[in-house]
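Visitor: Handing you this structure, nothing more for now.
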Amino acid sequence: MKGNSNLLHLLSEIGICFTDEEYSNLRSGEKLTLTHKNEGKNESVSETLVMNLLSDEAKYHFILNKVNNKRTNNDITEKTYIKCFLNHNGDIKVKFERPLSFILDALDKLLYQQPDSLSEDMIEKINTIVNISGKKNVLEAVQNLGYEKEIEGKKCTFKVTDLLDILDWDTEKLLKFCNDSDKEYYLGYPKEYVFYALDCLLDESNILTDYFSSDWYERFDEIKNMQYIDYEVVNDYLKTENNNIDKFQPNEELIKMVYDGMPFEYNLLEKAIYIYFKLCDSLTYSQSYLASNLTQDDNGHSNIKRLEKIVPDNNQIVCWEFNTLYAYFLNQLGIHFKTRTKDPEQYGKSHEYLVFRYGKMKVKADAVAGNLYGQCDINKIKYEENPRKFFCLNKNNKTKEEFKTILENVYHQYQKNTERKRKSEIYTKALKDVIMEYQNNSKEKRNHSFLTKLTAWYEFFKNVLNCDGVDALGALNQTYKTIFDQNDRDKNITFESFIEYKEGQKINCFVIAIALENYNTNQENIVYLKYDGYNPMIKISKEKLQQQFEHHELEIQPRGYGIVGIHDDWEENNVGKFKKN
Amino acid sequence: MLENLRKINLAYLKLYQTVEDPQMIQKYLLIQNILNDDACFFKISKEQAMFILSSLSMTDKESMYEQLISEKEYQRLVEKGLL
Numbered sequence: 006m007k008g009n010s011n012l013l014h015l016l017s018e019i020g021i022c023f024t025d026e027e028y029s030n031l032r033s034g035e036k037l038t039l040t041h042k043n044e045g046k047n048e049s050v051s052e053t054l055v056m057n058l059l060s061d062e063a064k065y066h067f068i069l070n071k072v073n074n075k076r077t078n079n080d081i082t083e084k085t086y087i088k089c090f091l092n093h094n095g096d097i098k099v100k101f102e103r104p105l106s107f108i109l110d111a112l113d114k115l116l117y118q119q120p121d122s123l124s125e126d127m128i129e130k131i132n133t134i135v136n137i138s139g140k141k142n143v144l145e146a147v148q149n150l151g152y153e154k155e156i157e158g159k160k161c162t163f164k165v166t167d168l169l170d171i172l173d174w175d176t177e178k179l180l181k182f183c184n185d186s187d188k189e190y191y192l193g194y195p196k197e198y199v200f201y202a203l204d205c206l207l208d209e210s211n212i213l214t215d216y217f218s219s220d221w222y223e224r225f226d227e228i229k230n231m232q233y234i235d236y237e238v239v240n241d242y243l244k245t246e247n248n249n250i251d252k253f254q255p256n257e258e259l260i261k262m263v264y265d266g267m268p269f270e271y272n273l274l275e276k277a278i279y280i281y282f283k284l285c286d287s288l289t290y291s292q293s294y295l296a297s298n299l300t301q302d303d304n305g306h307s308n309i310k311r312l313e314k315i316v317p318d319n320n321q322i323v324c325w326e327f328n329t330l331y332a333y334f335l336n337q338l339g340i341h342f343k344t345r346t347k348d349p350e351q352y353g354k355s356h357e358y359l360v361f362r363y364g365k366m367k368v369k370a371d372a373v374a375g376n377l378y379g380q381c382d383i384n385k386i387k388y389e390e391n392p393r394k395f396f397c398l399n400k401n402n403k404t405k406e407e408f409k410t411i412l413e414n415v416y417h418q419y420q421k422n423t424e425r426k427r428k429s430e431i432y433t434k435a436l437k438d439v440i441m442e443y444q445n446n447s448k449e450k451r452n453h454s455f456l457t458k459l460t461a462w463y464e465f466f467k468n469v470l471n472c473d474g475v476d477a478l479g480a481l482n483q484t485y486k487t488i489f490d491q492n493d494r495d496k497n498i499t500f501e502s503f504i505e506y507k508e509g510q511k512i513n514c515f516v517i518a519i520a521l522e523n524y525n526t527n528q529e530n531i532v533y534l535k536y537d538g539y540n541p542m543i544k545i546s547k548e549k550l551q552q553q554f555e556h557h558e559l560e561i562q563p564r565g566y567g568i569v570g571i572h573d574d575w576e577e578n579n580v581g582k583f584k585k586n
Numbered sequence: 002m003l004e005n006l007r008k009i010n011l012a013y014l015k016l017y018q019t020v021e022d023p024q025m026i027q028k029y030l031l032i033q034n035i036l037n038d039d040a041c042f043f044k045i046s047k048e049q050a051m052f053i054l055s056s057l058s059m060t061d062k063e064s065m066y067e068q069l070i071s072e073k074e075y076q077r078l079v080e081k082g083l084l
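Chains as they are written, first to last, in the working numbering: chain A, 6 to 586; chain B, 2 to 84.
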């Protein structure tokens with residue numbers, strides 16, 4: 006028994022010990038919800054635990070000692086944990102541990118939320134801990150401390166109290182400081198360095214976690230999330246992270262094409278944008294790789310040397326090839342970036358995109374992301390639509406806007422330089438009318454007949470569309486959804502993607518079924534069209550289509566659907582499919 | 002009823018003009034010519050009438066044909082001097 010009491014005494018030095026009954030109460034009692042500082046997660050601490058700490062002198066003094074020790078040691082870097090043991094009939098086990106910050110936060114919550122449930126003695130105990138661990142004491146503790154950080158290759162030294170002082174500014178003062186473009190420096194360093202240093206200090210220390218500093222925490226949260234000063238790229242992207250750019254040399258013809266027409270006066274960001282547009286415009290997604298459902302690499306897309314043969318006339322690529330080519334050009338410009346992929350060591354195995362830095366801006370470029378039928382930038386640029394996956398990642402809205410303006414200016418200039426006509430000028434009048442009406446009016450107000458829309462749509466593919474391959478199939482997918490409303494799609498027009506075998510190659514093609522009556526109930530006079538993105542959209546007879554399926558010249562995609570009037574199980578397979586469109 | 006068939010025929014004609022199918026354009030132009038005559042269904046065979054109704058995706062062809070060549074319709078056309 007004596008051995009056990011010695012052990013308990015020893016344990017009281019390193020943690021808190023609970024009896025069976027106390028431990029059982031901890032588990033069943035109310036919980037105090039705490040916001041986990043730094044990560045914003047919600048955690049909970051048993052209210053019974055906190056009440057127990059306040060009513061049990063030994064446990065209270067253990068916590069008080071921990072707080073005092075931190076105070077006297079000026080310890081702001083080590084996070085402190087409280088170990089909790091269970092004494093079950095003399096068998097002692099470690100049950101859990103909680104950060105000291107949780108305990109302090111819970112004490113604070115208890116005092117604020119339920120003062121009536123606390124005795125005078127308990128309130129005094131909380132106040133004692135608050136006085137030792139409060140903000141004023143933190144500042145005293147750190148008043149002579151310096152904080153050194155290497156920022157953008159330069160050693161910078163700050164007084165800790167100068168950095169913490171920022172946390173006492175109200176929003177108005179903070180905004181005024183951040184928006185004052187005349188003052189680029191503070192404490193002798195660029196403003197973003199100072200904010201970056203503050204972020205690092207708070208991340209590396211326990212100032213926000215082990216002390217009572219909830220107003221500081223809120224202010225820091227605002228600084229970090231709002232990024233009034235863009236410091237999120239500071240010390241990042243100082244070098245390029247990509248294993249592949251040195252392993253190939255792009256074809257001279259491609260290089261010439263990319264730089265052709267680029268305005269001499271462009272800055273690096275503008276050049277990077279221009280090159281992105283050029284690559285999106287001239288490269289296209291691999292038909293055969295798409296037809297294999299992104300599984301069979303018959304054309305050697307995972308061989309990096311293939312990139313050396315990519316020229317405007319041999320322009321079929323997949324995502325990692327686009328990314329590696331773009332990475333090559335960014336590297337040539339001297340822009341630092343990081344390639345994002347599942348396994349950077351393995352080329353050609355998984356999706357790739359990159360993020361590059363230009364000054365304070367962090368830009369994501371992911372040209373081949375999303376639905377390959379018209380939704381990725383590699384399609385969008387060809388349709389003269391704004392890119393979707395080339396954007397500024399910064400949290401600061403002002404910076405985002407700044408980036409958007411630059412992007413739009415370069416895009417405008419790019420269209421002008423490539424002597425493209427604006428979409429509004431090249432659309433046929435009929436299609437323009439239909440699209441305008443659809444953009445401006447609600448569904449009920451649309452009054453173009455199905456045939457008018459069909460004519461406009463067909464005209465577009467015959468005379469207007471200025472791309473081919475997957476991009477053209479994407480255009481069909483996009484315009485289909487824009488022009489035909491749900492009613493048309495439910496009754497009069499539908500299409501499905503199939504695999505076509507042509508000259509030993511697999512490609513994707515669309516079969517479109519058109520019915521003037523409801524195709525669900527009457528399949529007698531359905532008109533079929535076939536479109537592969539290369540050849541003109543052609544009418545094909547039902548018999549010819551059936552023959553092609555029988556001879557396996559055409560095949561249903563894996564997990565794909567058949568087409569109305571041809572495949573018996575069409576209706577069964579398509580239940581609800583087009584409702585979703 | 003005949004007016005409705007003319008409208009449907011016109012829609013088919015436009016559809017095939019859109020998708021540029023000369024054979025089908027000829028077919029629906031021919032049907033258009035036939036339908037221009039108010040009394041056409043009294044002048045063609047039942048097989049020919051069924052072919053037209055089928056080409057216009059009519060579902061209940063038999064009963065429709067009955068109505069198109071009914072006694073009442075015959076009287077109406079005679080009174081108008083079309084038969």
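Cβ atoms here follow ideal geometry from the backbone N, Cα and C, with glycine treated the same way.
Check whether the Cβ atoms of residue 541 (chain A) and residue 458 (chain A) lie closer than 8 Å to each other.
Guide: Not closer than 8 Å, so no.
Visitor: Mind checking the segment 537 to 560 of chain A against chain B and listing, in chain order, the residues whose C-beta falls within less than 7 Å of any C-beta there?
Guide: So the close ones are 544.
Visitor: Between which two residues does the beta strand (DSSP E) carrying residue 536 (chain A) extend?
Guide: Unbroken beta strand (DSSP E) run through residue 536 (chain A): 532 to 536.
Visitor: Using only the alpha-carbon positions, how far apart do residue 431 (chain A) and residue 266 (chain A) sit?
Guide: Because residue 431 (chain A) sits at a pLDDT of 44, beneath the cut-off of 50, its placement in the model cannot be relied upon, and the following sentence gives the value as read from the coordinates. The alpha-carbon atoms of residue 431 (chain A) and residue 266 (chain A) are separated by roughly 23 Å.
Visitor: Straight-line CA distance for residue 225 (chain A) to residue 270 (chain A)?
Guide: Spanning the two alpha carbons is a distance of roughly 40 Å.
Visitor: Out of curiosity, what's the CA-to-CA distance linking residue 74 (chain B) and residue 2 (chain B)?
Guide: Computed Cα separation, rounded: 11 Å.
Visitor: From the beta carbon of residue 429 (chain A), is the nearest beta carbon of chain B less than 8 Å away?
Guide: With a pLDDT of 42 at residue 429 (chain A), under the threshold of 50, the predicted position of this residue should be treated as unreliable, though the coordinate-derived value follows. No - not a single Cβ of chain B is within 8 Å of the one on residue 429 (chain A).
Visitor: Could you have a look at residue 153 (chain A) and say whether DSSP puts it in helix, strand or coil?
Guide: Of the three classes helix, strand and coil, the one that applies to residue 153 (chain A) here is strand, per DSSP.
Visitor: Any idea what DSSP makes of residue 528 (chain A), helix, strand or coil?
Guide: Coil, per DSSP.
Visitor: Using CA coordinates, which residue listed in A:396, A:174, A:333 and A:197 is at the minimum distance from residue 156 (chain A)?
Guide: Nearest of A:396, A:174, A:333 and A:197 to residue 156 (chain A), Cα basis: A:197.
Visitor: Measure how close the beta-carbons of residue 382 (chain A) and residue 394 (chain A) come, nearest whole angstrom, since I'm counting them as under 8 Å.
Guide: Contact flag correct, Cβ pair sits at about 5 Å.
Visitor: Taking its Cβ as the centre, do 16 or more other Cβ atoms sit within 10 Å of residue 550 (chain A), making it buried, or is it exposed?
Guide: Flag for residue 550 (chain A) reads buried.
Visitor: Since residue 15 (chain B) meets chain A, which of its residues come closer than 7 Å, beta carbon to beta carbon?
Guide: Ordered by position in chain A, the residues that pass the 7 Å Cβ test against residue 15 (chain B) are 456.
Visitor: Please tell me whether residue 5 (chain B) and residue 29 (chain B) are closer than 8 Å, where the distance is taken between their beta carbons.
Guide: Contact: no.
Visitor: Looking at residue 518 (chain A) and residue 487 (chain A), is the spacing between their C-beta atoms short of 8 Å?
Guide: Result no, Cβ atoms of residue 487 (chain A) and residue 518 (chain A) do not sit closer than 8 Å.
Visitor: Which residues bound the beta strand (DSSP E) around residue 110 (chain A)?
Guide: Careful: residue 110 (chain A) lies outside any beta strand (DSSP E), inside the alpha helix (DSSP H) at 105 to 118.
Visitor: Following the continuous alpha helix (DSSP H) through residue 58 (chain B), name the residue where it begins and the one where it ends.
Guide: No alpha helix (DSSP H) holds residue 58 (chain B); DSSP gives it neither H nor E.
Visitor: Using a Cβ-Cβ cut-off of 8 Å, state whether residue 79 (chain B) counts as contacting chain A.
Guide: Chain A, which has no Cβ nearer than 8 Å to the Cβ of residue 79 (chain B), makes this no.
Visitor: Starting from the beta carbon of residue 12 (chain B), find every residue of chain A whose beta carbon is closer than 8 Å, and list them in chain order.
Guide: By Cβ distance, chain A contributes 456 and 521.
Visitor: With a cut-off of 8 Å on the beta carbons, I'd call residue 88 (chain A) and residue 19 (chain A) a contact; round off their distance for me.
Guide: 6 Å between Cβ atoms; contact.
Visitor: Residue 501 (chain A) and residue 568 (chain A) - do their beta-carbons sit closer together than 8 Å?
Guide: In this structure, residue 501 (chain A) lies closer than 8 Å to residue 568 (chain A) by Cβ.
Visitor: Considering only the alpha carbon of each residue, which of A:380, A:340, A:353 and A:200 lies closest to residue 366 (chain A)?
Guide: If we check each option's Cα against that of residue 366 (chain A), A:340 comes out closest.
Visitor: Mapping the DSSP letters down to three states, classify residue 64 (chain B) as helix, strand or coil.
Guide: Here residue 64 (chain B) sits in helix by DSSP.
Visitor: Would you say residue 501 (chain A) faces chain B, with C-beta separation under 8 Å as the test?
Guide: No - not a single Cβ of chain B is within 8 Å of the one on residue 501 (chain A).
Visitor: Hey, would you say residue 385 (chain A) sits closer than 8 Å to residue 360 (chain A), going by beta carbons?
Guide: Not closer than 8 Å, so no.
Visitor: Give every residue of the same chain whose Cβ lies closer than 6 Å to the Cβ of residue 150 (chain A), excluding the five residues on either side of it in the sequence, and list them in chain order.
Guide: Taken in chain order, the residues that qualify are 165.
Visitor: Report the residue from A:256, A:347 and A:337 whose alpha carbon sits nearest the alpha carbon of residue 310 (chain A).
Guide: Nearest of A:256, A:347 and A:337 to residue 310 (chain A), Cα basis: A:256.
Visitor: For the alpha helix (DSSP H) containing residue 205 (chain A), list its first residue and its last residue.
Guide: Run containing residue 205 (chain A): 196 to 209, per the alpha helix (DSSP H) assignment.
Visitor: Should residue 564 (chain A) be labelled buried (16 or more other beta-carbon atoms within 10 Å of its own) or exposed?
Guide: Under this definition residue 564 (chain A) is an exposed residue.
Visitor: Measure from the C-beta of residue 58 (chain B) to each C-beta in chain A and report whether the shortest distance is under 8 Å.
Guide: Yes, its Cβ sits closer than 8 Å to a Cβ of chain A.
Visitor: Measure from the C-beta of residue 55 (chain B) to each C-beta in chain A and report whether the shortest distance is under 8 Å.
Guide: Interface residue, yes.
Visitor: Pull up the distance between the alpha-carbon of residue 427 (chain A) and that of residue 481 (chain A), whole angstroms please.
Guide: Low local confidence applies: a pLDDT of 45 at residue 427 (chain A) is under 50, so the model's placement there is unreliable, with the coordinate-based value given in what follows. Residue 427 (chain A) and residue 481 (chain A): Cα-Cα distance of roughly 19 Å.
Visitor: Against residue 527 (chain A), what residues of chain B qualify as contacts under a CB-to-CB distance less than 8 Å, listed in chain order?
Guide: Correct list: 58 and 60.
Visitor: Classify residue 553 (chain A): buried if its beta carbon has 16 or more other beta carbons within 10 angstroms, exposed otherwise.
Guide: Classification for residue 553 (chain A): buried.
Visitor: Residues of chain B with CB closer than 7 Å to the CB of residue 534 (chain A), please, in chain order.
Guide: The answer, in chain order, is 20.
Visitor: Whether or not the segment 243 to 256 of chain A and the segment 165 to 184 of chain A are in contact is what I'm after, with contact meaning three or more pairs of Cβ atoms, one per stretch, closer than 8 Å; do they touch?
Guide: The segment 165 to 184 of chain A is not in contact with the segment 243 to 256 of chain A.
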